[in-house]
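Every number in this note's numbering is 1113 more than the matching position in the sequence shown, counting from 1. Heads up: the structure comes next, in structure tokens.
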Amino acid sequence: MVGRRRAGARGNGGRQGQRGQAAPRRTLMEPAAFASETSQESHSPYQRISLAQARRGTSDRPARVYADGIFDLFHSGHARALMQAKNLFPNCYLIVGVCSDKLTHKYKGFTVMTEEERYEALRHCRYVDEVVQDAPWTLTPEFLEKHKIDFVTHDDIPYACAGSHDVYKHIKEAGMFVATQRTEGISTSDIITRIVRDYDVYARRNLQRGYTAKELNVSYINEKKYHLQNQVDKMKKKVKTVEEKSKHFVYKVEEKSHDLILKWEEKSREFIGNFLQLFGPDGAWVRSCCLPQQVSISSTLLTRISPFPLPR
């Protein structure tokens, strides 16, 4: 029986009786351990857990599940695959093997990240309990025995490499393979393709951030071209900003003009109405001022044209 804990995680794990021992609890404050740093307890002979036992969680130890890969530019597709691996069984200890630069460059091509960077990326994934450095390209019985691996997990697509149609064929035939689902739409190759496709954009971006042409492996002519493009883009941005501000100003002026016209029409109607109420035929001014004057004029005319004096 193998018991492995990260350094400094004492007290978080422990036995839960002779059967059903849970995988050691991992603190989220420390990275996963390297396989070379974990203690190897060889007092008990290694005996694999059956798939039925692993699924029921009735074994006296955690099911030791192994997942391997390159894990260059560690992304969400990698993390989801490891999450699936960690959740294959109710009591699972996840070991992740990361291939070295030498093997990867030989069989698959150059990587963006170095092997040390890839090791560290895996150590800081929350689902990983242990990381195997310089993992083999093809799993041998000796490797499985050394790390006491019960199951190997990967997506079910045959992985043709190193002269084999499927490097996991012998694992599948031994009944040790458990498939996970591949996450579509994300891969290291896709990310590299995006960068290569928009190479000029990222080169200009890094030049703006202070990287030198030598660091970016950019020629003198391209460096000057990128600087010129950056200046042109800045000018375009300024012109666009001025254009947008001008449009906004014109819109505001039109809006204000419309409001002024509406207010002018409203005030005009109000002024005309008030004028008619005061000076119209039935206006207040006519009733209060003009009518007494008209009566006085009429009385004077009657006095002058009448032969008899008016009665008083």
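Even for Gly, the Cβ is constructed at its ideal location relative to N, Cα and C.
Problem set entry | serine 1302, DSSP secondary structure in three states | helix
Problem set entry | Coil, strand or helix - histidine 1361 by DSSP | helix
Exercise. So the beta strand (DSSP E) alanine 1292 belongs to, where does it begin and stop?
Worked result: 1290-1293
Exercise. Using the beta-carbon count (16 or more within 10 Å), is serine 1172 buried or exposed?
Worked result: Buried: at least 16 other Cβ atoms inside 10 Å.
Exercise. Of all the options Ala1198, Pro1203, Phe1202, Asn1204, which has the alpha carbon lying nearest to the alpha carbon of glycine 1210?
Worked result: Out of Ala1198, Pro1203, Phe1202, Asn1204, the CA that lies nearest to the CA of glycine 1210 is found in Ala1198.
Exercise. Who are the near neighbours of glutamate 1230 in its chain, counting only those whose CB is closer than 8 Å to its CB and skipping five residues on each side?
Worked result: none
Problem set entry | Rounded straight-line distance, which links the Cα of alanine 1176 to that of leucine 1164 | 9 Å
Exercise. Helix, strand or coil for arginine 1317 per DSSP?
Worked result: Residue state, collapsed to three classes: helix.
Exercise. Buried or exposed: glutamine 1274, going by 16 or more other Cβ atoms within 10 Å of its Cβ?
Worked result: Position check: residue 1274 holds cysteine in this sequence, whereas glutamine was assumed. Answer is exposed; the Cβ neighbour count stays below 16.
Exercise. Given tyrosine 1272, which residues of its chain have a CB within under 7 Å of its CB, disregarding the five upstream and five downstream residues?
Worked result: Asp1279, Val1280, Tyr1281
Exercise. Given threonine 1217, which residues of its chain have a CB within under 6 Å of its CB, disregarding the five upstream and five downstream residues?
Worked result: Ile1183, Thr1224
Exercise. Are there 16 or more other CB atoms within 10 angstroms of the CB of histidine 1371, so buried, or fewer, so exposed?
Worked result: exposed
Problem set entry | phenylalanine 1187 versus leucine 1235 - alpha carbon distance | 8 Å
For this session: Taking tyrosine 1324 as the reference, give the member of Arg1295, Val1309, Lys1351, His1340 with the closest Cα.
Result: His1340
Problem set entry | For arginine 1317 and lysine 1350, the rounded distance between their alpha carbons | Those two C-alpha atoms are separated by around 16 Å.
For this session: Between the Cα of arginine 1193 and those of Thr1266, Phe1388, Ser1149, spot the shortest distance and give me the residue it belongs to.
Result: Thr1266
Problem set entry | Nearest-angstrom Cα separation, counted from isoleucine 1334 out to valine 1345 | Using only the alpha carbons, I get a separation of about 16 Å.
For this session: In the DSSP assignment, find the beta strand (DSSP E) that holds leucine 1329 and state where it starts and stops.
Result: Segment: none, leucine 1329 is in no beta strand (DSSP E) and carries neither H nor E.
For this session: Below 8 Å CB to CB, which residues in the same chain sit around glutamine 1246 once its five sequence neighbours on both sides are set aside?
Result: Phe1147, Ala1148, Ser1149, Val1211, Ser1213, Glu1228, Tyr1232
Problem set entry | Beta-carbon contacts of phenylalanine 1290 that lie in its chain and below 8 Å, excluding the five residues immediately before and after | Cβ within range, chain order: Phe1264, Val1265, Thr1266, His1267, Tyr1281, Ile1284.
Problem set entry | Secondary structure, alpha helix (DSSP H): runs of 4+ residues fully inside the stretch 1215-1275 | Counting only runs of 4+ residues, the alpha helix (DSSP H) found wholly inside the stretch 1215-1275 occupies 1228-1236, 1254-1259, in chain order.
For this session: Compute the Euclidean distance between the alpha carbons of valine 1307 and tryptophan 1250, then round it to the nearest angstrom.
Result: The sequence given here has arginine at residue 1307, not valine. When rounded, the distance between both Cα atoms is 28 Å.
Exercise. How is leucine 1207 classed by DSSP in three states: helix, strand or coil?
Worked result: strand
Exercise. Going by C-alpha distance, which of Asp1313, Val1352, Gln1294 is nearest lysine 1337?
Worked result: Asp1313
For this session: Could you spell out where the alpha helix (DSSP H) holding alanine 1165 opens and where it closes?
Result: Counting along the chain, the alpha helix (DSSP H) containing alanine 1165 begins and ends at 1164-1169.
Problem set entry | Helix, strand or coil at valine 1178 according to DSSP, with G and I counted as helix | strand
Exercise. Is it right to say glycine 1121 is buried, meaning 16 or more other beta carbons lie within 10 angstroms of its own, or is it exposed?
Worked result: With a pLDDT of 38 at glycine 1121, under the threshold of 50, the predicted position of this residue should be treated as unreliable, though the coordinate-derived value follows. Flag for glycine 1121 reads exposed.
Exercise. By the 10 Å Cβ neighbour count, where 16 or more other Cβ atoms means buried, how is isoleucine 1374 classified, buried or exposed?
Worked result: exposed
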